[in-house]
Amino acid sequence: QKEVEQNSGPLSVPEGAIASLNCTYSDRGSQSFFWYRQYSGKSPELIMSIYSNGDKEDGRFTAQLNKASQYVSLLIRDSQPSDSATYLCAVANFNKFYFGSGTKLNVKP
Amino acid sequence: GAVVSQHPSRVICKSGTSVKIECRSLDFQATTMFWYRQFPKQSLMLMATSNEGSKATYEQGVEKDKFLINHASLTLSTLTVTSAHPEDSSFYICSARNWDGLGEGYTFGSGTRLTVV
Numbered sequence: 231q232k233e234v235e236q237n238s239g240p241l242s243v244p245e246g247a248i249a250s251l252n253c254t255y256s257d258r259g260s261q262s263f264f265w266y267r268q269y270s271g272k273s274p275e276l277i278m279s280i281y282s283n284g285d286k287e288d289g290r291f292t293a294q295l296n297k298a299s300q301y302v303s304l305l306i307r308d309s310q311p312s313d314s315a316t317y318l319c320a321v322a323n324f325n326k327f328y329f330g331s332g333t334k335l336n337v338k339p
Numbered sequence: 002g003a004v005v006s007q008h009p010s011r012v013i014c015k016s017g018t019s020v021k022i023e024c025r026s027l028d029f030q031a032t033t034m035f036w037y038r039q040f041p042k043q044s045l046m047l048m049a050t051s052n053e054g055s056k057a058t059y060e061q062g063v064e065k066d067k068f069l070i071n072h073a074s075l076t077l078s079t080l081t082v083t084s085a086h087p088e089d090s091s092f093y094i095c096s097a098r099n100w101d102g103l104g105e106g107y108t109f110g111s112g113t114r115l116t117v118v
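Same order as they appear, the protein sequences are chains A and B. All residue numbers for the first sequence refer to this note's numbering, where the first residue is 231 and numbers rise by one. All residue numbers for the second sequence refer to this note's numbering, where the first residue is 2 and numbers rise by one.
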């Protein structure tokens, strides 16, 4: 079983729509959760971090965490073509920091 | 914000030679750094966790004698790919753990594209 699971996609949404990205993790002791965006050939860039159950909003992005279900999600409102990228879910527990395989998002103009 | 400098950004080496990649935290002390490898169209795979002043912890399947990690100071970790072969060609990325006031964060270097010919 992988530590972090994501649907590889691609997820296609029209410009202006809400994109919903999901992630599950296996280690119940995980403490910190992150969403990164990665463009081809580049390093990941942090979008949001979340540490406690519930929702966290930052601009057009909302991260949701449910530790009981071991589930993390990212909502992108008013999706733009520039949001097209691979989105990586990452989970950390002390000295372990694992990534999911990423979900490719395509936002169509 | 926290900045991690990684270099070289690109390196081409001959098969059988060794290559060293450096990862530096510029404005914070990083007691823990992580090394990842990413093949085309695949996710980042954690290779090892590097802790300052101690031996690195390698993930299953990663050869510790081939991928030498040194974390001798609070701002520098190095990855040396020894006796490189074409199958080692990949994108190598380091990450350093820091604290952003709310919790832990992870800052990435810009990556190193290694091509072994």
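We put the CB at the ideal spot given by N, CA and C, even for glycine.
Please look up how many angstroms separate the CB atoms of residue i and residue j, rounded, as I've assumed it's under 8 Å.
i        : j        : result
A/Leu335 : A/Leu241 : 5 Å
B/Phe35  : A/Phe329 : Actually they do not touch by this definition, with Cβ atoms about 10 Å apart.
B/Gln30  : B/Thr58  : Actually they do not touch by this definition, with Cβ atoms about 19 Å apart.
Is residue i helix, strand or coil by DSSP?
i        : result
A/Asn260 : For the record, residue 260 of chain A in the displayed sequence is Ser; it is not Asn. Three-state result, A/Ser260: coil.
A/Pro311 : helix
B/Glu88  : helix
B/Gln61  : coil
A/Gln294 : strand
A/Asn283 : coil
B/Val117 : strand
B/Ala31  : coil
A/Glu275 : strand
B/Thr18  : coil
B/Thr76  : coil
B/Ser44  : coil
Determine, for residue i, whether the minimum Cβ-Cβ distance to residues of chain A falls below 8 Å.
i        : result
B/Ile22  : no
B/Ser44  : yes
B/Thr113 : no
B/Ile70  : no
B/Thr33  : yes
B/Phe40  : no
Give a yes or no on whether the minimum CB-CB distance between residue i and chain B is below 8 Å.
i        : result
A/Gly284 : no
A/Ser331 : yes
A/Pro274 : yes
A/Ala322 : yes
Determine whether the beta carbon atoms of residue i and residue j lie at a separation below 8 Å.
i        : j        : result
B/Leu115 : B/Ser78  : no
B/Val118 : B/Ile13  : yes
B/Lys67  : B/Thr50  : no
B/Ser16  : B/His72  : no
B/Phe92  : B/Gly112 : yes
A/Asn323 : A/Ser279 : no
A/Phe250 : A/Glu233 : The residue you asked about is not Phe; residue 250 of chain A is Ser in the sequence shown. Not closer than 8 Å, so no.
B/Ile94  : B/Gln39  : yes
A/Ser282 : B/Glu105 : no
B/Arg25  : B/Ser55  : no
A/Ala315 : A/Val302 : no
A/Ser312 : A/Gly246 : no
Could you list which residues in chain B have their beta carbon closer than 9 Å to that of residue i, in chain order?
i        : result
A/Leu318 : Ser44 and Leu45
A/Phe291 : Result: empty, since nearest Cβ-Cβ is about 16 Å, beyond 9 Å.
If the cut is a Cβ gap below 7 Å, which residues of chain A does residue i touch?
i       : result
B/Ile94 : Ser273
So which residues on chain A does residue i lean against when the C-beta distance must stay under 9 Å?
i       : result
B/His50 : The question names His, but residue 50 of chain B is Thr in the sequence shown. Within chain A, the residues near B/Thr50 are Asn325, Lys326 and Phe327.
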